[in-house]
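Mapping the sequence shown onto the working numbering, position 205 (from 1) lands on 206, and the numbers just tick up by one. Even for Gly, the Cβ is constructed at its ideal location relative to N, Cα and C. This structure is a prediction, so every number in the text was calculated from the model and none was measured. In what follows, a single structure is set out as structure tokens and then discussed.
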Amino acid sequence: MVAVESDSLTLFRIRGPLELRCQVDSTDVVLMRKVISRTFESLRSQVKSESCVFAVCNSPVFIWPNKGVYGEVTPDTPSEEAHQWIQVDEPDSSGKRSAKKRGRKGLTANVINLDLMMEVTKQCPLSAPILRKTIQKSNFLTASLPMDCVLRARSNDTIRDTCTRLLEALTDQLCEMEKVTLQHMTGTKVLVPEPLHFSLPEPKGLVTVVFPAGVSDEQLKTQRKELHERLELPDDRPYFRRANAYHFPNESYKDGYLRNPHMTLAHPTLENGKVYLVQGIYSYHHYMQDRVDDNGWGCAYRSLQTICSWFQQQGYVEHSVPTHREIQQALVDVGDKQGSFVGSRQWIGSIEVQAVLSHLLDVTSKIMFVSQGSELASKGRELANHFVTEGTPIMIGGGVLAHTILGVAWSETTGQIRYLILDPHYTGAEDLQVITDKGWCGWKGPDFWDQTAYYNLCLPQRPRIF
């Protein structure tokens, strides 16, 4: 386990495969472990050798850190200026290319990616080749180790300092990989170690953990529990499930859904007010996605899908986000609807959302009843408490409309309140700027609600698991 310092806003990430190759002339497990350890020691020597090269992605810069050769840059250049080398902007989470940007808090979008490479050509005196033939039985173990190290540049770090720290991180990760490989060896079977990065509450920041690939989260329960204890984390929520792995801001999501569009919004200013927000990652689900024309009837389905995505991406469940048909079938299965409901275009409300969450995800929910929209302005304390203790998106249904509440800005002294609304009625493309500029994700005042309509709010509860 490696923690990343949190006193700077520039991340350096180095990735590249190192080939683990070892010949074992015996099936004796003890001898095999010794051979594997020697091979890892050889890989650590490679990282420390002059053949080790750091290539800065999207730039002409190559660095030989163990030779003290820094290509087209000087070793005393401040690390925070490394972004100037980049010639092509990285795509953001929406798949668009954008200039570098910084978040309000937490990890930044300014990521400097490097490729780990090894020089193959070596200078050696010319000599005639000598061939030898040996016949013997042996086992040949081979695996590609996916090296992946991240560190934050400190404010006074130079490029030389950063490269030195990257070399140390690579060496430490190889030690962790060796430990995991030997720990999870069964007979002659070896599992490939897999580094994953997790964003923890401040001040802990970004932490790298090596898990064996192919081993389920449930099978890693003991190791995860040890990590919680070592880092003094509560054991009532997951931090080290694979679904919690940190998604770097310069990488796009393959499924095409926008994540956390509210993060680009400025917070409203209220007298003595505080902001209470959804915790974690969710996907924005809205009308007309997934080749489904649900315009006019599917808003509650889409709000439910957003909630389901939150539980999936926080690692609480492995169930995929349900389709409209799967939601309808779940309501039939629990006896809430007749069989003819499946495939229909009938609306659902907060009570049905509660039933589906319980049936498909085993998630309980509280229901808040509001007889008139005007009463929602008095629910600031309850909503603020929900986002502090549970942190889940809220589905609200009233009349023929459903919305998702992602947070509230509330003043305990004046009673002023604003609601952070994610609107499932949007029918356009996944364009973050349009969605935020046009208010499809935005802060709304009490007059946003129909003052005379009856509202039900479904407040999903966070499972107490790790």
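{"Item": "In whole angstroms, give me the CA-to-CA distance for R103 and V333.", "Value": "No answer about R103 holds up, because its pLDDT of 33 lies below 50 and its placement is not dependable."}
{"Item": "What does a CB cutoff of less than 8 Å around G17 pick up in its chain, not counting 5 residues either side in sequence?", "Value": "D116, L117, M118, M148"}
{"Item": "Please state whether DSSP places C300 in a helix, a strand or coil.", "Value": "helix"}
{"Item": "If we count Cβ pairs, one from each stretch, closer than 8 Å, do we get three or more for the stretch 274-294 versus the stretch 311-324?", "Value": "yes"}
{"Item": "If you reduce the DSSP assignment to three classes, tell me which class K68 lands in.", "Value": "coil"}
{"Item": "Which residues mark the beginning and the end of the beta strand (DSSP E) in which H198 is found?", "Value": "194-201"}
{"Item": "Can you grab the Cα-Cα spacing for the pair A83 / Q224, in whole Å?", "Value": "36 Å"}
{"Item": "Output needed for N67: all residues of its chain with C-beta closer than 7 Å, excluding positions within five of it in sequence on either side, in chain order.", "Value": "K49, S50, E51, C53"}
{"Item": "Sort I160, D291, T270, N140 by Cα distance to L12 and report the nearest one.", "Value": "I160"}
{"Item": "From K101 to T172, what does the alpha carbon distance come to, in whole angstroms?", "Value": "Residue placement at K101 is poorly supported in this model, since its pLDDT is 38, which falls under 50; the coordinates are not used for a value here."}
{"Item": "Under three-state DSSP, which class holds H404?", "Value": "strand"}
{"Item": "Going by DSSP, name the residue or residues bridged to V48.", "Value": "Bridge partners of V48: none, in fact."}
{"Item": "Between the stretch 234-251 and the stretch 194-206, can you find at least three pairs of beta-carbon atoms closer than 8 Å?", "Value": "yes"}
{"Item": "In the DSSP assignment, find the alpha helix (DSSP H) that holds V435 and state where it starts and stops.", "Value": "433-438"}
{"Item": "Can you name the start and end residues of the beta strand (DSSP E) that S351 belongs to?", "Value": "Per DSSP, S351 belongs to no beta strand (DSSP E); it is in the alpha helix (DSSP H), 351-362."}
{"Item": "M289 by DSSP, collapsed to three states: which one?", "Value": "coil"}
{"Item": "Tell me whether T182 sits in a helix, a strand or coil according to DSSP, three-state version.", "Value": "helix"}
{"Item": "Counting pairs of Cβ atoms below 8 Å between the stretch 297-307 and the stretch 435-454, do you hit three or more?", "Value": "no"}
{"Item": "Are S345 and Q330 touching if we call contact CB-CB under 8 Å?", "Value": "no"}
{"Item": "For I481, count neighbouring Cβ atoms within 10 angstroms of its own Cβ and tell me buried if that reaches 16, exposed if not.", "Value": "With the chain represented from 2 up to 467, any question about residue 481 goes unanswered, as that position is not in the structure."}
{"Item": "Kindly indicate which residue of Y247, H185, L197, T209 has the alpha-carbon position closest to the one of Q220.", "Value": "H185"}
{"Item": "From this set, L278, R242, P447, which residue's C-alpha is nearest Y380's C-alpha?", "Value": "Here residue 380 is Lys; the residue named in the question, Tyr, does not match the sequence. Per the Cα distances, P447."}
{"Item": "Measuring only the C-alpha atoms, how far is F1 from T453?", "Value": "Absent from the structure is residue 1, since the part of the chain shown begins at 2 and ends at 467."}
{"Item": "In whole angstroms, what is the alpha-carbon distance linking Q24 and P239?", "Value": "40 Å"}
{"Item": "Throw me the rounded Cβ distance for the V318 and L362 pair, which I believe falls under 8 Å.", "Value": "5 Å"}
{"Item": "Could you name the residues that DSSP lists as bridge partners for W444?", "Value": "L421"}
{"Item": "Can you tell me which residues form a DSSP beta bridge with Q24?", "Value": "F141"}
{"Item": "Cβ atoms of V211 and E169: under 8 Å apart, would you say?", "Value": "no"}
{"Item": "Would T270 be called buried (16 or more neighbouring beta carbons within 10 Å of its own) or exposed?", "Value": "exposed"}
{"Item": "Can you look up V62 in the DSSP assignment and give me helix, strand or coil?", "Value": "coil"}
{"Item": "Are G72 and V62 close, meaning C-beta to C-beta below 8 Å?", "Value": "yes"}
{"Item": "If you draw a straight line from the alpha carbon of R166 to that of L44, how long is it in whole angstroms?", "Value": "17 Å"}
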